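Novice: Take a look at the following structure, please.
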Amino acid sequence: MSARDSNHSYKCSDDSQMPYYNNSAPLGENGRIHVMQNNLGNHYYSPDTGSQRINNSNPQVFEAQYCTLESSSANGVYPAQSSTSSHSISPLSGSPLSQHDSHSDHAYSSPPTASCLTEVADLQTKLKELENAILVPGLDLDIISDSPESLLQANVQLRPDNWRQLLGIDAGDLKQVLIACGKAVAENDVFATELLISELGQVVSVSGDPMQRLGAYMLEGIVARLSSSGSMLYKSLKCKEPTSSELMSYMHLLYEICPFYKFGYMSANGAIAEAIKGENFVHIIDFQIAQGSQWVTLVQALAARPGGPPYIRITGIDDSNSAYARGGGLDIVGRMLCNVAKSCGLPFEFNAVPAASHEVELQHLAIRPGEIIAVNFAYQLHHVPDESVSTENHRDRIIRMIKSISPRVVTLVEQESNTNTAPFFPRYMETLNYYTAMFESIDVALPRDDRRRMNTEQHCVARDIVNLIACEGAERVERHELYGKWKSRFAMAGFRPYPLSSVLNNTINTLLHSYNSYYRLEERDGVLYLGWKNRVLVVSSAWC
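Residue numbering for the sequence shown is 1 to 544, as defined by the UniProt record's numbering.
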């Protein structure tokens, strides 16, 4: 249901009046990740790069295959060449390369000359000389002298140490293999992509160390991208979600073991509480209210305010994605918050707007004269498409619309990552570096063989990674920007920075001490930066 269909309100106060309603990719057995690959569209390796070309219109290419990332025995030893893995991806298997590039000796109606035969003989001699230096001993080079594609296939028999040396990869360095694979995909290098995907399939593991686990999901995204099934895979992962109660438990576990969401909620609530101090009628607009848990502590704090609590109205905006996790619509959130407010004697009203953020129009917010407005964008604006996706540029439109209602404060919490307009390889590298830090932070919180951790990573994190790597255009919904870009967008809309309180800084530092010493909190010009080791992961700011 879109916001244009209906809004719903729930109202309760400190008397005994009852709230009223007013119309106004799961893990398989043994840790395997199953990915359905279909023949969707065409995927080309550009000939202008000097590499081969794969056309997925051939029904043999990537059609109805299952890619399995086997959960290997995570013993911490990277070169697991002997580990059992059913993950075998071969872009060359069944490809039309031989049909596309092979020609007979008379393809151009010119008979072979003595000069040509001499050149072929010289080439065979040179290949024989290279055999002992590069290729596996005993490889019959006579079988590969007919065509470039047969030579390409024979090269798959390179000794592992030799291909590592050619690609500049140290033995045991999984990160370098991931980087090389992403670069090969970006450069349309068929041979290197084939080789590296095969290698990655042997060593990634959803129960391994942080890099092995991240590698499993990045490999999943690479395979989906090559098979032109990125959007299909992204949707299939959504379709394979667990029950709503299971998904809720995974989300709650991520909330508890990593401070990212607590940091965002605490910093936003602190800025809002400071901005509405002493006001009696407050309207909070949340552009992704989810389960509404962010507002429980704020409602309780405002109820205990000296001089009496204010009248609070919350407009909760959310789409169907969160409805599944909740097990129902926004009425669940409205009733929960009404009950919390009633229990502590705070007059409260909830306005439900069941819509995606980019669909919201001014009339859906139901602004009333005299109320003080606070707007919350927590991990949400990066999902709103900008000018690079649509000429409508909903990202800037929403920011300008909020400015037009003169809010007292606007809170913005976003991941510090540059994936919005970046080309594939820079975006791939940003994804690798960002989620390396995130997976490391999860690793210190739960054992590697903990099934809850595996499920949480798959259902709460993996879909984002696959979307970033496999999808393009409007289908790529994970479009993060660095704080500098958000600052420019808000400034162009007429906003000024609203510095966060130093008291808030101290409170969050206390929170981080209960987690791990590798977490870092930094305040610069009234903006809070939360990081892991030397990598900033989340930035919280406020605007007025």
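We treat Cβ as the ideally placed atom computed from N, Cα and C, and that holds for glycine.
Since this is a predicted model, take the numbers as computed values, not measurements.
For residue 116, count neighbouring C-beta atoms within 10 Å of its own C-beta (all shown protein chains included) and say buried if the count is 16 or more, exposed if not.
Specialist: Start at 1 with the first residue of the sequence shown, and residue 116 comes out as number 116. Note that residue 116 scores a pLDDT of 49, beneath 50, so its modelled location is shaky; the value from the coordinates is reported in the next line. When all chains shown are included, residue 116 counts as exposed.
Novice: Buried or exposed: which applies to residue 405, given that a residue is buried once 16 or more other Cβ atoms fall within 10 Å of its Cβ?
Specialist: For the purposes of this step, residue 405 is identified with residue 405 of the sequence shown, where counting begins at 1. Residue 405 comes out exposed.
Novice: Does the distance from the CB of residue 329 to the CB of residue 292 come in under 8 Å?
Specialist: Stepping through the sequence shown from its first residue, residue 329 is reached at position 329. Stepping through the sequence shown from its first residue, residue 292 is reached at position 292. Residue 292 sits away from residue 329, with the two beta carbons spaced by 8 Å or more.
Novice: Suppose contacts are defined by Cβ-Cβ distances below 8 Å. Is residue 408 in contact with residue 372 by that definition?
Specialist: Translated into positions along the sequence shown, residue 408 becomes position 408. Translated into positions along the sequence shown, residue 372 becomes position 372. Cβ atoms of residue 408 and residue 372: closer than 8 Å.
Novice: Among residues of its own chain, excluding the 5 on either side of residue 422, which ones have a beta-carbon nearer than 7 Å to its beta-carbon?
Specialist: The residue you call residue 422 lines up with position 422 of the sequence shown. Taking residue 422 as the centre and dropping the five residues before and after it, the same chain places the C-beta of 430 closer than 7 Å to its C-beta, in chain order.
Novice: Could you spell out where the beta strand (DSSP E) holding residue 508 opens and where it closes?
Specialist: Looking up residue 508 in the sequence shown gives position 508. Note, residue 508: premise wrong, no beta strand (DSSP E); alpha helix (DSSP H) at 502 to 513.
Novice: Would residue 384 and residue 402 qualify as a contact pair, given that the criterion is a beta-carbon distance under 8 Å?
Specialist: Walking along the sequence shown from the start, residue 384 turns up at place 384. Walking along the sequence shown from the start, residue 402 turns up at place 402. No.
Novice: Excluding five sequence neighbours on each side, which residues of the same chain lie with their C-beta closer than 7 Å to the C-beta of residue 177?
Specialist: Translated into the one-based positions of the sequence shown, residue 177 becomes position 177. In the same chain as residue 177, and ignoring 5 residues on each side of it, the C-beta atoms closer than 7 Å to its own belong to 169, 196, 199 and 200, in chain order.
Novice: Can you give me the C-alpha to C-alpha distance between residue 520 and residue 333, rounded to a whole angstrom?
Specialist: By 1-based counting over the sequence shown, the position of residue 520 is 520. By 1-based counting over the sequence shown, the position of residue 333 is 333. Using only the alpha carbons, I get a separation of about 33 Å.
Novice: Expressed to the nearest angstrom, what Euclidean distance is found between the alpha-carbon atoms of residue 395 and residue 507?
Specialist: Here residue 395 refers to the residue found at position 395 of the sequence shown. Here residue 507 refers to the residue found at position 507 of the sequence shown. Going by the C-alpha atoms only, they are around 31 Å apart.
Novice: Check whether the stretch 434 to 452 and the stretch 525 to 536 are in contact - that is, three or more C-beta pairs closer than 8 Å.
Specialist: In short, these stretches touch, since the Cβ pair count reaches three.
Novice: If you compare alpha carbons, which of 353, 358 and 378 is closest to residue 366?
Specialist: Numbered from 1 along the sequence shown, position 366 holds the residue referred to as residue 366. Cα-wise, what sits closest to residue 366 is 353.
Novice: Taking all protein chains shown into account, do 16 or more other C-beta atoms lie within 10 angstroms of the C-beta of residue 189, making it buried, or fewer, making it exposed?
Specialist: Within the sequence shown, residue 189 is the residue found at index 189, counting from 1. Classification of residue 189: buried, given that the 10 Å Cβ count is 16 or more.
Novice: Jot down the residue ranges of each uninterrupted alpha helix (DSSP H) in the stretch 291 to 319, minimum 4 residues, whole runs only, in chain order.
Specialist: 294 to 303
Novice: Does the Cβ of residue 509 have 16 or more other Cβ atoms within 10 Å, making it buried, or fewer, making it exposed?
Specialist: In the sequence shown, residue 509 corresponds to position 509, counting from 1. Classification for residue 509: exposed.
Novice: With a cut-off of 8 Å on the beta carbons, I'd call residue 465 and residue 182 a contact; round off their distance for me.
Specialist: Within the sequence shown, residue 465 is the residue found at index 465, counting from 1. Within the sequence shown, residue 182 is the residue found at index 182, counting from 1. Contact doesn't hold; Cβ gap of about 12 Å is too wide.
Novice: According to DSSP, which residues form a beta bridge with residue 414?
Specialist: Taking the first residue of the sequence shown as position 1, residue 414 is located at position 414. Beta-bridge partners of residue 414 (DSSP): 539.
Novice: Given residue 283, which residues of its chain have a CB within under 6 Å of its CB, disregarding the five upstream and five downstream residues?
Specialist: Position 283 of the sequence shown, counted from the first residue, corresponds to residue 283. Excluding positions up to five away in sequence, the list reads 313, 371 and 373.
Novice: By Cβ distance, which residues of its chain are closer than 8 Å to residue 325, with the 5 residues on each side in sequence left out?
Specialist: Position 325 of the sequence shown, counted from the first residue, corresponds to residue 325. Excluding residues within five positions, the ones whose Cβ falls inside 8 Å are 244, 247, 248, 251, 290 and 291.
Novice: Beta strand (DSSP E) containing residue 284: first to last residue?
Specialist: Position 284 of the sequence shown holds residue 284. Residues 281 to 286.
Novice: So what does DSSP say about residue 337, is it helix, strand or coil?
Specialist: As a working note, residue 337 is residue 337 in the sequence shown. Residue state, collapsed to three classes: helix.
Novice: Count the other C-beta atoms from every protein chain shown that fall within 10 angstroms of the C-beta of residue 89, then say buried if there are 16 or more, exposed otherwise.
Specialist: Position 89 of the sequence shown, counting from 1, holds the residue named residue 89. Residue confidence for residue 89 is low, a pLDDT of 41 falling below 50, so the modelled location carries little weight; the figure read from the coordinates is stated next. Residue 89 is buried by the Cβ-count criterion.
Novice: Does the beta-carbon distance from residue 478 to residue 468 come in below 8 Å?
Specialist: Numbered from its first residue, the sequence shown carries residue 478 at position 478. Numbered from its first residue, the sequence shown carries residue 468 at position 468. Taking 8 Å as the Cβ cut-off, residue 478 and residue 468 qualify as a contacting pair.
Novice: Once you ignore the five residues that flank residue 453 on each side, which residues in its own chain have a CB closer than 6 Å to its CB?
Specialist: Residue mapping note: residue 453 aligns to position 453 of the sequence shown, counting from 1. The answer, listed in chain order, is 446.
Novice: Tell me the residue span of the alpha helix (DSSP H) that contains residue 273.
Specialist: In the sequence shown, the residue the question calls residue 273 occupies position 273. Counting along the chain, the alpha helix (DSSP H) containing residue 273 begins and ends at 260 to 275.
Novice: Rounded C-beta distance between residue 490 and residue 398? I'm assuming under 8 Å.
Specialist: As a working mapping, residue 490 is identified with position 490 in the sequence shown. As a working mapping, residue 398 is identified with position 398 in the sequence shown. Actually they do not touch by this definition, with Cβ atoms about 11 Å apart.
Novice: Output the distance between the C-alpha atoms of residue 585 and residue 387, rounded to the nearest integer angstrom.
Specialist: Shown here, the chain extends from 1 to 544; a query on residue 585 therefore has no answer.
Novice: DSSP beta-bridge partners for residue 378?
Specialist: Position 378 of the sequence shown, counting from 1, holds the residue named residue 378. Beta-bridge pairing links residue 378 to 413.
Novice: Among 544, 382, 517 and 393, which has the Cα closest to the Cα of residue 258?
Specialist: Against the sequence shown, residue 258 aligns to sequence position 258. That would be 517, whose Cα lies nearest to the Cα of residue 258.
Novice: Out of 228, 327 and 204, which one is the CA nearest neighbour of residue 218?
Specialist: Within the sequence shown, numbered from 1, the residue matching residue 218 stands at position 218. It is 204 whose Cα lies nearest to the Cα of residue 218.
Novice: Tell me, please, which residues DSSP counts as bridged to residue 494.
Specialist: As a first step, residue 494 is located in the sequence shown; it is residue number 494 there, counting from the start. None, per the DSSP bridge assignment.
Novice: Short check: CB of residue 287 to CB of residue 202, under 8 Å?
Specialist: As a working mapping, residue 287 is identified with position 287 in the sequence shown. As a working mapping, residue 202 is identified with position 202 in the sequence shown. Taking 8 Å as the Cβ cut-off, residue 287 and residue 202 do not qualify as a contacting pair.
Novice: Do you know how far the Cα of residue 484 is from the Cα of residue 322?
Specialist: Numbered from 1 along the sequence shown, position 322 holds the residue referred to as residue 322. Numbered from 1 along the sequence shown, position 484 holds the residue referred to as residue 484. Those two C-alpha atoms are separated by around 29 Å.
Novice: Judging by CA-CA distance, which residue of 424, 415, 497 and 420 is the nearest neighbour of residue 186?
Specialist: To locate residue 186, count along the sequence shown from 1; it is residue 186. That would be 424, whose Cα lies nearest to the Cα of residue 186.
Novice: For residue 482, which of helix, strand or coil comes out of DSSP?
Specialist: As a working note, residue 482 is residue 482 in the sequence shown. Residue 482 falls in the coil class under three-state DSSP.
Novice: Bridge partners for residue 531 per DSSP, in chain order?
Specialist: Residue 531 sits at position 531 when you count from the first residue of the sequence shown. 520 and 536.
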